[in-house]
Every structure is written in C-alpha cells, then in structure tokens.
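J.:
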Amino acid sequence: MRKMAALRFSVVIAGLIVMGTVVGGFASDIGPTIQQTCTKCHSPKRICLNLGVKSESAWNSTINKMVGKGAKLPKDRINEAASFLSTLEPGAPLLCN
0 MRKMAALRFS VVIAGLIVMG TVVGGFASDI GPTIQQTCTK CHSPKRICLN
50 LGVKSESAWN STINKMVGKG AKLPKDRINE AASFLSTLEP GAPLLCN
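Residues in the sequence shown are numbered consecutively from 0, following numbering that gives the first Met the number 0.
(1) One question on the structure: do Ile-46 and Cys-37 come within less than 9 Å of each other, judged by their Cβ atoms?
(2) Rounded to whole angstroms, what is the Cα-Cα separation between Gln-34 and Ala-57?
(3) Roughly how many angstroms separate the alpha carbons of Arg-76 and Asn-49, rounded to a whole number?
(4) For Pro-31 and Leu-94, which I take to be in contact (beta-carbon distance under 8 Å), what is that distance rounded to the nearest angstrom?
(5) Helix, strand or coil, according to DSSP, for Ala-70 in the structure here?
(6) Does the beta-carbon distance from Thr-61 to Lys-53 come in below 9 Å?
(7) Which of helix, strand or coil does DSSP assign to Lys-44?
(8) I'd like the list of long-range same chain contacts for Glu-88, defined as Cβ closer than 8 Å, with 5 residues on each side in sequence excluded.
(9) So, for Ala-91: in the same chain, excluding its five sequence neighbours on each side, which residues have a beta-carbon less than 8 Å away from its beta-carbon?
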C-alpha cells in the first residue's frame with residue numbers, strides 16, 4: 000500500500016513539473032513575437048519605458064490599437080501578449096537590451 004501511494008505521489012509531482020514546463024513555454028514564446036512585431040515601428044526603448052508602468056488592461060488597449068494600425072500580431076494572441084508585457088519588470092532584457 001505504501002509503495003502504491005509513493006508511486007501515485009511521484010506521478011502527480013512529475014505531471015505538475017511537466018505542466019509547469021509546458022505552460023511556461025507557451026507564455027514565454029510570445030516574447031520574441033512581441034519584440035519582432037513591435038520593433039518594426041517602435042524602438043525597444045519606447046516599449047521598455049512602459050514595462051512595470053502599464054497594467055494588463057492598458058497593454059491590451061495599446062496592442063489592440065497597434066493591430067488596428069497594421070501591427071502583425073494575430074488577434075488570438077493579443078491577450079497573451081498583454082498579459083506577458085504586464086508581468087515584465089522594468090529593464091527586462093528581452094525588450095530593453
């Protein structure tokens with residue numbers, strides 16, 4: 000009985016680790032897309048100045064406005080991009096270097 004409980008526990012922990020890796024991978028892969036899309040019209044400095052300042056809602060509004068002006072970000076990734084940008088600290092290397 001103890002061995003079965005230990006096995007179940009190990010399987011649950013392994014599953015959580017895999018889930019964290021997969022979810023984290025999805026969240027972070029938007030970064031390079033944002034960098035490529037936004038820097039076609041703006042310098043990285045302009046984006047960097049707003050990190051840690053704008054809320055997710057404000058980023059969502061900005062991104063929607065930019066997509067309306069022709070930015071090539073799929074509409075189904077706007078919320079993901081806004082969420083990602085709202086979690087970055089000021090000076091984040093991906094967008095500020």
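C-beta atoms are modelled at their ideal positions from N, C-alpha and C, and glycine is treated no differently.
T.: So, from the data block:
(1) The answer is yes: Cβ separation under 9 Å.
(2) Their backbone Cα atoms lie some 18 Å apart in a straight line.
(3) Approximately 19 Å between the Cα atoms of the pair.
(4) At roughly 10 Å, the Cβ-Cβ gap does not stay under 8 Å, so Pro-31 and Leu-94 are not in contact.
(5) Residue state, collapsed to three classes: coil.
(6) It is a contact, given that the beta carbons lie within the stated cut-off.
(7) Residue state, collapsed to three classes: helix.
(8) If we look at Glu-88 and ignore the five residues flanking it on each side, its Cβ neighbours are Leu-50 and Gly-51.
(9) Around Ala-91: Cys-47 and Leu-50.
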